[in-house]
Every structure is written in C-alpha cells, then in structure tokens.
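Visitor: My questions all concern the structure below.
4 protein chains.
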Amino acid sequence: MPQTACHTEPQHLCMPEDARKRAARRLNIARGHLESIVRMLDDPDAYCVDVLRQIKAVQGALSGAGEVVLRGHLQAHVATAAQRGDSEEIIEELMEALKYT
Amino acid sequence: MPQTACHTEPQHLCMPEDARKRAARRLNIARGHLESIVRMLDDPDAYCVDVLRQIKAVQGALSGAGEVVLRGHLQAHVATAAQRGDSEEIIEELMEALKYT
Amino acid sequence: MPQTACHTEPQHLCMPEDARKRAARRLNIARGHLESIVRMLDDPDAYCVDVLRQIKAVQGALSGAGEVVLRGHLQAHVATAAQRGDSEEIIEELMEALKYT
Amino acid sequence: MPQTACHTEPQHLCMPEDARKRAARRLNIARGHLESIVRMLDDPDAYCVDVLRQIKAVQGALSGAGEVVLRGHLQAHVATAAQRGDSEEIIEELMEALKYT
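Residue numbers (full-length UniProt numbering), protein chains in the order written: chain A, 1 to 101; chain B, 1 to 101; chain C, 1 to 101; chain D, 1 to 101.
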C-alpha cells in the first residue's frame, strides 16, 4: 500500500506518488497558461471575451488536475477505508472538500 | 466611452482599463497560489484532500477574475449593443463563451 | 420592443414571450424527468451511480432552460440598458443572480 | 452490509435505503419547485432574473440530492471496494458519472 510507505505517523495518509507527479505536471501547465493571460492583459487592446475564454480554459485544466487527485484519493484512501475502519471520517472530509466546486 | 479610445479599428471592442487591471491583479494572485500548490506537491507527505481544497480555492479565485471581466464586458459592450446595433452577435459570442463553465 | 407591450408600469421589464414559452417547455420536460427519478427511487434495486447520472441529466436540462432565459434577458433588457439608462442596476442584478451557479 | 440484503445477483450493488428515501424526498421537493416555475412562466409579467434565480434554487436542491446519493455510494460501495476487490471498476464508474457536473 503506497500510503504506508510515505506516512510519518500511522494516522497520516498521503498521496499516491503517481497522482502527485501527474497533478504537479498539470498544475504547472495551468500556471504557465495563467501567466500568459496576465501578459495578455497588459495589452490595452485585449478583448473581454477572449480573456473569459482563456480563464475558462485554465479552469478546465484545474478541474483535470483535481480529477487526478480525486481518483488517486478514492483509490488509495477511500476504497480502503472499510479495511482501516475510518469510512465515516474519510467520507465526511471528502464530501466537505467536494462541496466548494 | 472607453472602448472608442482604445480600439484600433471601429469593429474592435476592448476591455475597460479598470476591469483589465483588476483582472490582472487577481490572476496574478491565483498564479502565485498555483505555484505554491505545485511546491506542495513536491512533498511526498502531501495529502490529497489538502491539495483538492487548494485547487478549489484557485478555481474560486479564477471565477472571481472571470466575474470582473464579465461585469466589465456587460457594462462596456453588452449594455451598449442596441445603440451600436450588434446585439445579436455580441450576445451569441458571450453565450458561447459562458457555456464552458 | 416586447417588454413595452407587457409591462404594467414603466419600470417593470418582462420576459420576451418566445423565451418564456421555450423555457417553460424545457422545464416541463425536466419536471417529467425528475418524476421518473423519484419513481426509480421506489425500487430497492436502484443503483447509486444510475441515480447520480439521471440527476446530472436533469441539471443539464435546467442549465439549458437557464440559458434560454439568460439569452432572452441579455437581448431584451441588457443590450438595451444604455438606451434606458439603467445599465448599472441591471448588470448588478444579473451578476448577483449568476453568482449562485 | 445493506447491499448484500437487496441485490438480486452478487455483482449488483444497490443504494442504501436511507439514502434512497432521503434522495427521493429531496427530489420530490425539487419537482414541486420546478412545477411552480413552470406556472410562473404562464404569467406574461414574469421577469427573467426572477426565473433565473428560481432555476438556480432548483439546481441547488438537485445538487443536495446528488450529495445524498454520492455520500451513500461512497459509504456503501466505494469504501468497501478493496474488500470486494473491484476498486478500479467502481472508481472509474464514479469518476465518469461525476464528470458531467
């Protein structure tokens, strides 16, 4: 189990390495995209709808990164919750985090 | 009318300066936040749900920036569309851009 | 202008008839779909993910109806706001209503 | 385990009864709300922004019902997936269903 290798205390779960690296890669791309929108806004000729579209594109990229993280969490921590005996806590925590979509 | 001052050809509308600067400021903050999530993911102890929450926070910031841009667009370009006579085009364009929320 | 025909006082804008009828038609279909989900939930064999998918489908239908209403509003009331002189109020009102997406 | 009591074949998981009843109750309320919006649209004086707000309110109610279903699914089927040995399938299925938010 990947989480047993990395946690420092028994109660601490941590992210599967693969999800961590893939999420970082995607967020880095989103960061670059965001930088390019900030530069685009230096131009007095920038057009609102173009900016809106670019912002939506970055939001889509962040959703994609969020999906990677969520899938890793479900696999490594939620699917194993009944075995660990902490289903209730881990599900409440996740529902809370998903709320602010 | 701010858009007459900045466009280079009569058909080209551009963003009100105030919205442009405020959106840039907000996107810059979101970019910094995104960088900190990427750094957070360097830590093998990073926890999925913490990362999810941070991603949501950045998405919230992007929505805020999008709102600034949308409000500026409605004010400068949509509210004046009947006067310019391009209501239909400008509304289709906006509806299209809003779709990918 | 459709709104002048139907309002009872000069300050009262109302929905373009076409948008009103199309939105009603779509919401009626969504209502029927929702009824069928409620019936589906009478069956002890109902499966969570099927129900989730059906709920999402209804949410998509409501978004479609919302788009019809929004497009009608932009056309009939927002695009004409500079002519009426109430851009600021009408845009704040709309931004407020869009917030709870 | 509630799912073993209700399924007719071993591979078929079904919804926890409590979630099923609570979701039905909420969807029924949403259906009533939707009916009242359809009636509201019979009135030629209906105002776009009021209709938009009502549609958002129903979308909020559907999200609430979706949350009930999702929480029940996580508890009854996802948290027990490693024990059953179908984590991968059940997570892909859920990620797919969540996508269309």
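Glycine included, C-beta positions come from ideal geometry on N, C-alpha and C.
Given 8 Å as the limit, is there contact between the segment 80-87 of chain D and the segment 78-89 of chain A, that is, 3 or more CB pairs closer than that?
Guide: Short answer: they touch.
Visitor: Three or more C-beta pairs closer than 8 Å, one from the segment 20-35 of chain A and one from the segment 60-70 of chain A: is that the case here?
Guide: Short answer: they touch.
Visitor: Could you pull the start and end residues of the alpha helix (DSSP H) that A/Cys48 belongs to?
Guide: Cys48 to His73 is the extent of the alpha helix (DSSP H) around A/Cys48.
Visitor: On a Cα-Cα basis, can you pick out the residue from A/Ile37, A/Leu13 and A/Ala30 that is closest to B/Ile37?
Guide: When each option's Cα is compared against that of B/Ile37, the closest is A/Ala30.
Visitor: Compare the C-alpha of D/Lys99 against each of C/Asp43, C/Met40, C/Tyr47 and C/Ala57 and name the closest.
Guide: Checked all of C/Asp43, C/Met40, C/Tyr47 and C/Ala57; the closest Cα to D/Lys99 is C/Ala57.
Visitor: Please state whether the Cβ-Cβ distance between A/Val69 and B/Val51 is less than 7 Å.
Guide: Closer than 7 Å, so yes.
Visitor: Where A/Asp43 and A/Met95 are concerned, what is the direct C-alpha to C-alpha distance, given to the nearest angstrom?
Guide: The straight-line gap from Cα to Cα measures roughly 41 Å.
Visitor: Distance, Cα to Cα, C/Val49 vs D/Ala97?
Guide: Their Cα atoms are separated by approximately 7 Å.
Visitor: Whose C-alpha, out of A/Leu74, A/Ile91 and A/Glu93, is nearest the C-alpha of D/Ile91?
Guide: Looking at the Cα atoms, A/Leu74 is the closest of the given residues.
Visitor: Mapping DSSP to helix, strand and coil, what is B/Leu13?
Guide: Here B/Leu13 sits in coil by DSSP.
Visitor: Work out the CA separation of B/Gly32 and C/Arg26 for me, nearest whole Å.
Guide: Each residue's Cα considered, the two are about 43 Å apart.
Visitor: Beta-carbon of C/Ala82 versus every beta-carbon of chain B: anything under 7 Å?
Guide: Yes, C/Ala82 lies at the interface with chain B (some Cβ there is under 7 Å from its Cβ).
Visitor: Who are the neighbours of A/Arg22 on chain D, taking C-beta pairs under 8 Å?
Guide: Within 8 Å Cβ-Cβ: nothing; A/Arg22 doesn't reach chain D, min ~14 Å.
Visitor: To be precise: take each residue of the segment 68-82 of chain D, compare its Cβ to all Cβ atoms of chain A, and keep it if any distance is under 9 Å. Which residues remain?
Guide: Correct list: Leu70, Arg71, Leu74, Gln75, Val78, Ala79, Thr80, Ala81 and Ala82.
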